[in-house]
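Here's the structure, in C-alpha cells; my notes come after.
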Amino acid sequence: KTVMLVGFYTGLRLGDVIRLKWESLDLKAGHYSVRTKKTGRHVINPIAQPLLEHLLAVKKTVQGPFVCPTFCDKESKELSNSFNDLLAKVGLVEKKDYRHHQSDGDRRQYSGLSFHCLRHTISSFLGNTGASRGVAGDIVGHDSEAMTRHYTKFDLETKRAAVAKLPEL
Numbered sequence: 115k116t117v118m119l120v121g122f123y124t125g126l127r128l129g130d131v132i133r134l135k136w137e138s139l140d141l142k143a144g145h146y147s148v149r150t151k152k153t154g155r156h157v158i159n160p161i162a163q164p165l166l167e168h169l170l171a172v173k174k175t176v177q178g179p180f181v182c183p184t185f186c187d188k189e190s191k192e193l194s195n196s197f198n199d200l201l202a203k204v205g206l207v208e209k210k211d212y213r214h215h216q217s218d219g220d221r222r223q224y225s226g227l228s229f230h231c232l233r234h235t236i237s238s239f240l241g242n243t244g245a246s247r248g249v250a251g252d253i254v255g256h257d258s259e260a261m262t263r264h265y266t267k268f269d270l271e272t273k274r275a276a277v278a279k280l281p282e283l
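Terminal number for the sequence shown in our numbering: 283, no gaps in between.
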C-alpha cells in the first residue's frame, strides 16, 4: 500500500519509491527531497495530505532507514512483475513478464497498465486540478514541457469547464 501511495502522490519511479529513506522526508514540514536514480534530478516537493497521514502512521511501525523495507532490496523488474501479477489477479491486465521485455533501442515497448502509469496519473490529476503544466512537470520530475504534455491528459470535465469560459461571439 505504501509503495502505491508514494508512487501515486509523488510520481516517483518504482526504483526511487522502494529506495526512499525516512531521512528524505520532513514529515513536520510536509515535504520530501530526493535525487532520482534515472535522471539524477534533485526534487523537493510537498507531501500530499493523504500521503502524509499514511506516512505518519507507517513511521510508528517501520524500523530502519527505508520507508518500504520489505521491498528496498528487490529489483525494480521483480517488483514490476509483482505489480503486474496484482493487476492481472483483479482482471485489469494480461499477465506479463518484465524480465523479458521487447526493446526498441533504449525505449521499452510496453502497453497497458503498469506501476509507471502512476506517473501519468499524478501528472493528469495535477493538470485537472488547475496546476500549470510547469508545476505538474516539476513535481513529477520532468525535464521538458514536451514530456509533461505527453504525461498529462485532461479529463472531459476540465475541458468542459474551460470551454464554458469562452465568450459569446
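Where is the CB? At the ideal position from N, CA and C, for every residue including glycine. The structure presented is a predicted model; accordingly, all values stated were derived computationally and were not measured.
Outcome for residue i when other beta-carbon atoms lying within 10 angstroms are tallied against a minimum of 16
i: Gly255; result: buried
i: Leu170; result: exposed
i: Ala250; result: buried
i: Phe86; result: Here the chain comprises residues numbered 115 to 283, so residue 86 is not present and cannot be evaluated.
i: Ile158; result: exposed
i: Thr243; result: exposed
i: Val204; result: exposed
i: Val277; result: exposed
Nearest candidate by alpha-carbon position, reference residue i, set the options
i: Arg133; options: Lys142, Gly121, Leu141, Gly144; result: Gly121
i: Ser194; options: Leu139, Tyr265, Val131; result: Val131
i: Ile161; options: Leu232, Gly248, Cys182, Leu139; result: Leu139
i: Ala143; options: Leu166, Tyr123, Phe239; result: Leu166
i: Asp257; options: Arg155, Gly129, Tyr123, His145; result: Arg155
i: Glu189; options: Val277, Tyr123, Leu128; result: Leu128
i: Ala245; options: Met261, Gly205, Arg274, Thr266; result: Thr266
i: Leu79; options: Lys191, Cys231, Ala278; result: Residue numbering for the chain in the displayed model covers 115 to 283; residue 79 lies beyond these limits and cannot be assessed.
i: Lys135; options: Arg274, Lys279, Ala275, Gln177; result: Gln177
i: Lys115; options: Thr262, Met261, Leu200; result: Leu200
i: Arg263; options: His234, Ala275, Leu270; result: His234
i: His168; options: Ser147, Leu141, Asp187, Val148; result: Leu141
i: Ser147; options: Pro164, Thr124, Gln163; result: Thr124
Pair within 9 Å by beta-carbon distance, residue i and residue j
i: Phe180; j: Val117; result: no
i: Thr153; j: Leu126; result: no
i: Gly248; j: Thr272; result: no
i: Phe239; j: Phe197; result: no
i: Ala202; j: Lys209; result: yes
Range covered by the alpha helix (DSSP H) that runs through residue i
i: Pro164; result: 163-173
i: Ser196; result: 190-203
i: Ser237; result: 231-242
i: His145; result: Note, His145: premise wrong, no alpha helix (DSSP H); beta strand (DSSP E) at 145-149.
i: Lys273; result: 270-278
i: Phe185; result: Premise fails: Phe185 is in no alpha helix (DSSP H) and is neither H nor E.
i: His264; result: 259-265
i: Val131; result: 128-132
i: Ala250; result: 247-254
i: Leu119; result: 116-124
Beta-carbon proximity list for residue i, same chain, < 6 Å, skipping 5 on both sides
i: Gly226; result: Val207
i: Pro281; result: none
i: Ser237; result: Ala250, Val254, Tyr265, Thr266
For residue i, the first and last residue of its enclosing beta strand (DSSP E)
i: His156; result: 156-160
Neighbourhood of residue i by C-beta, 8 Å cutoff - its chain only, sequence neighbours within 5 removed
i: Glu259; result: Arg247, Gly248, Gly251
i: Pro183; result: Val176, Gln177
Beta-carbon contacts of residue i that lie in its chain and below 7 Å, excluding the five residues immediately before and after
i: His145; result: Ile158, Asn159, Pro160, Ile161
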